[in-house]
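Following our numbering from start to finish, the sequence shown increments by one per residue and tops out at 864.
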Amino acid sequence: MAQEDVFKKVVSHCKEYGFVFPSSEIYDGLGAVYDYGQNGVELKNNIKQYWWQSMVLMHENIVGIDSCVFMHPTIWKASGHVDAFNDPLIDNRDSKKRYRADVLIEEQIAKYEDKIEKEVAKARKRFGDAFDEQQYRSTSPRVLEETQKRNALHERYSEAMNKMDLQELRQIILDEEIVCPISGTRNWTEVRQFNLMFKTEMGSTADAAMTIYLRPETAQGIFVNYLNVQKTGRMKIPFGIAQIGKAFRNEIVARQFIFRMREFEQMEMQFFIKPGTELDWFDKWKHTRMAWHRNLGFGDDNYRFHDHEKLAHYANAATDIEFRLPFGFKEVEGIHSRTDFDLSQHEKFSGKSIKYFDPEINDSYTPYVIETSIGVDRMFLSIMCHSFCEEKLENGETRTVLRLPAALAPVKLAVMPLVKKDGLPEKAREIVDDLKFHFNCQYDEKDSIGKRYRRQDAIGTPYCVTVDFDTLQDNTVTIRMRDTMEQRRIPIAELRGLIEDNVSITSLLKKLK
Ligand code: GAP
């Protein structure tokens with residue numbers, strides 16, 4: 352199946368099975384805002400738990416907080432968001448559509464990369480086992496030509512972005528003959544800066560109202576609470592503060608479903624360290640976070656690091672963890688070495704000292720910070736895309752199954768009476784009533800057993816149990832495994848032991864090295 356089709360299917364599956372709905376749908380929706388349905392919220396909560404527990408339970412020196420969306424507006428001046436949290440945007444005069452200039456150019460770079468990869472794939476097929484990829488990449492005239500074009504464009508683009516040279520960005524779009532996907536024309540306006548923060552007002556009278564921002568990242572709530580936590584928790588450097596919460600950005604290009612939203616959720620951790628140790632800690636967190644992703648078992652080849660060439664003025668190292676989505680490798684998480692920029696800025700703007708006294712060296716300093724920042728919704732999307740599967744069965748039917756890691760699945764066990772009479776529903780409910788304290792169970796008595804299995808496969812339920820007439824005699828049930836469809840007869844008393852270990856977040860955490 353073409354990757355584009357996979358993505359379309361995932362989007363409609365999310366809606367059909369209660370994972371994600373377009374927000375305000377009965378009013379024709381609201382751009383790039385989505386609601387999570389009955390299964391979506393369970394999956395999302397499980398992702399959050401996996402992250403939270405891996406940070407806060409697994410590290411003695413990391414604690415959590417929950418700060419507010421509304422914060423003092425000077426915080427955003429200090430952090431640089433008021434002046435510099437901008438995207439360069441360009442309009443097409445014919446279609447009246449607005450684009451991010453940097454995204455248009457990055458898509459052009461990706462086109463060159465696509466061409467190169469297609470050439471290599473064709474050659475691999477042609478030469479079979481004898482194929483020497485390295486040699487082919489360094490000698491094929493076509494590959495060399497496309498690589499040269501790609502590199503030249505990349506270099507020019509990086510320079511323009513580093514200097515935020517808006518005229519040069521426009522010139523690149525013209526020189527590369529990039530057309531508007533809607534109108535097909537090159538009738539572009541100038542490139543302008545656009546601030547991504549949403550504003551609102553706080554206060555009861557118009558005169559006294561204060562403009563405040565909906566936070567565009569959760570991180571600043573951690574920075575401004577850093578000293579509160581350090582003092583009240585008697586934390587010693589190195590230590591971390593973790594937070595999960597909503598963030599808001601008025602994204603210009605809001606596409607690709609929940610990949611880029613205007614209201615989304617972040618899981619961020621700021622790790623406070625001694626200046627001079629930041630590159631070692633950066634490396635440690637880079638690998639710790641990659642291990643967390645790989646632990647889900649989606650295949651190591653589906654992840655890669657993308658080290659930033661263009662560093663923000665306050666960072667001295669940054670990388671993205673990218674995941675292979677149906678529309679290419681995309682950023683799911685960022686790991687940044689932010690130096691002492693944020694804390695120093697808050698010190699300067701608030702006029703309050705937020706230095707740390709280090710008893711080991713008997714001196715005070717402003718800590719440096721390593722940040723790990725991951726989007727819950729992007730994580731959700733990558734999990735859905737990777738788990739969605741349509742498989743042909745021996746009887747010719749197609750089965751749609753979500754091969755979710757069991758610990759993340761919304762429902763862990765579905766209990767089904769074979770028929771809706773003769774005491775079978777009561778027996779099935781007895782099992783649910785016993786097991787519901789340990790994991791999420793669903794009772795299902797509607798339609799044939801086959802249809803019920805398919806429904807559970809489609810939402811990723813790892814186990815189904817059927818209660819039949821023998822159950823009433825010998826207290827055994829048929830358990831069916833989602834991935835293999837294997838069925839076994841087991842005593843009811845063994846259900847909990849068999850399922851609980853495999854579906855708990857603890858089972859995932861124990862696999863983390
Ligand atoms: N505090 C650092 C920070 O916010 P970022 O790279 O802008 O860094 C971190 O965002 C993560 O948040 C991204 O890797 C992505 O997963 C998620 N994210 C950012 N913007 C998003 C959006 N508009 N929609 C969904 N997720 C987003």
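Just so you know, even glycine gets a beta-carbon here, dropped at the ideal spot from N, CA and C.
Judged by DSSP secondary structure, Ala809 falls outside any beta strand (DSSP E) and instead within the alpha helix (DSSP H) spanning 800-810. Here Asp693 is not near Tyr719, since their CB atoms are 8 Å or more apart.
The residues Leu764, Cys792, Leu846, Arg847, in chain order, have a CB closer than 7 Å to that of Leu786 in the same chain once the five nearest residues on each side in sequence are set aside. With respect to the C-alpha of Thr551, the residue from Tyr378, Met620, Ile712, His423 having the closest C-alpha is His423. In this structure, Leu525 keeps its C-beta atom at 8 Å or more from the C-beta atom of Val542. For Pro776, the secondary structure class from DSSP, reduced to helix, strand or coil, is helix. Proximity of the beta carbon of Ser688 to the ligand GAP is not indicated: no heavy atom of the ligand is located closer than 7 Å. Between the region 583-597 and the region 610-619 there are three or more inter-stretch CB-CB distances shorter than 8 Å, so the stretches are counted as touching. Distance from the CA atom of Lys395 to the CA atom of Gln499, rounded to whole angstroms, is 43 Å. Between the alpha carbons of Ile782 and Glu711 lies a gap of roughly 57 Å.
A direct Cα-Cα distance of roughly 19 Å separates Ile841 from Tyr794. In this structure Val361 is not in contact with Ser374, their Cβ atoms being roughly 18 Å apart against a cut-off of 8 Å. Asn538 is classed as exposed because its beta carbon has fewer than 16 other beta carbons within 10 Å across all chains shown. Here the alpha carbon of Tyr387 sits roughly 21 Å from the alpha carbon of Glu684. Between Ile721 and Ala666, the alpha-carbon positions lie close to 10 Å from each other. Pairing Arg645 with Glu673 gives a Cβ-Cβ distance that is not under 8 Å. For Val683, the shortest C-beta to heavy atom distance toward the ligand GAP is below 7 Å.
In the displayed model, Arg475 falls within a helix according to three-state DSSP. For His687, the enclosing beta strand (DSSP E) starts and ends at 679-688.
The way I'd put it, the region 853-860 does touch the region 393-411; three or more beta-carbon pairs between them come closer than 8 Å. Under the three-state reduction of DSSP output, Met641 falls in the helix class.
Secondary structure in the region 542-579: the beta strand (DSSP E) runs of 3 residues or longer, each lying completely within the stretch, are 543-546, 550-553, 561-564 in chain order. With contact defined as three or more Cβ pairs closer than 8 Å, the region 809-828 and the region 758-777 are in contact.
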